[in-house]
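Following my numbering, the numbering of the sequence shown begins with 47 at its first residue and continues without gaps.
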Amino acid sequence: MRHRELERLAEATLVEAIARTPLDHWLIWDGTPCRRQANSLRSRALSCVREVWTPVSLRAVLQRAATLSGETGLNPDTVRSAIRMHQAARPAAYLLVRRAPSGDYLAVTDVPWPAATPGPLCAGDLVLDRHGRAFGRFAVQAA
């Protein structure tokens, strides 16, 4: 399998991608090391989130990925695709969540094999409360 190279992105491409990215979408890494194919697009995109159990705005992830190597990086559409693919990975350690008006973080999609829990995660499930406390199946891992 051939790996794509990083590319120089036009500023307009990044600005447009960020503008169409929902403000309430965040990515949470549960700290579990992932089996990754070295230098794959997915591993490069996910490596932009290094904070454990700390929500990182999807907009910030796109910005980080766009400048992975100085003036070159990953296209925002590539990053989104990598995140979507990872949600179906076995195990999925990076969780795409939305921040509810209450401040809680809820799963955006179903995640069949989340790394931090023995069972599946359904869209709308509480992952992290507004105070940064994990709930239910995630509470032990985040403590």
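Where is the CB? At the ideal position from N, CA and C, for every residue including glycine. Model, not experiment: these values are computed from the prediction.
Alpha carbon to alpha carbon, what distance is there between residue j and residue i?
{"i": "S148", "j": "N121", "result": "32 Å"}
{"i": "T124", "j": "L87", "result": "7 Å"}
{"i": "E260", "j": "E51", "result": "With the chain covering 47 to 189 only, the question about residue 260 has no answer from this structure."}
{"i": "L142", "j": "H177", "result": "18 Å"}
{"i": "V61", "j": "R90", "result": "20 Å"}
{"i": "R99", "j": "I74", "result": "Per the sequence presented here, residue 99 reads as Trp, with Arg not at that position. About 6 Å."}
{"i": "A128", "j": "L92", "result": "8 Å"}
{"i": "Q133", "j": "Q83", "result": "16 Å"}
{"i": "A188", "j": "A63", "result": "In this predicted model, A188 has a pLDDT of only 49, less than 50, meaning its place in the structure is not dependable; the value taken from the coordinates is given anyway. The straight-line gap from Cα to Cα measures roughly 31 Å."}
{"i": "L108", "j": "L172", "result": "24 Å"}
Would you check whether the ligand GTP has a heavy atom nearer than 7 Å to the C-beta of residue i?
{"i": "P101", "result": "For the structure depicted, the ligand GTP is absent and the ligand set is empty, with no information on it obtainable."}
Could you work out which residue in the options is closest to residue i when comparing CA atoms only?
{"i": "A146", "options": "L174, L60, S89", "result": "L174"}
{"i": "A162", "options": "S93, G170, A180", "result": "A180"}
{"i": "P158", "options": "A135, A65, G116, L172", "result": "A135"}
Taking 8 Å as the threshold (C-beta atoms), are residue j and residue i in contact?
{"i": "R105", "j": "T67", "result": "yes"}
{"i": "R144", "j": "D76", "result": "no"}
{"i": "P166", "j": "D156", "result": "yes"}
{"i": "P137", "j": "P101", "result": "no"}
{"i": "E53", "j": "T113", "result": "no"}
{"i": "Y140", "j": "V95", "result": "yes"}
Taking buried to mean at least 16 other C-beta atoms within 10 Å of its own C-beta, is residue i buried or exposed?
{"i": "R130", "result": "exposed"}
{"i": "R126", "result": "buried"}
{"i": "G116", "result": "exposed"}
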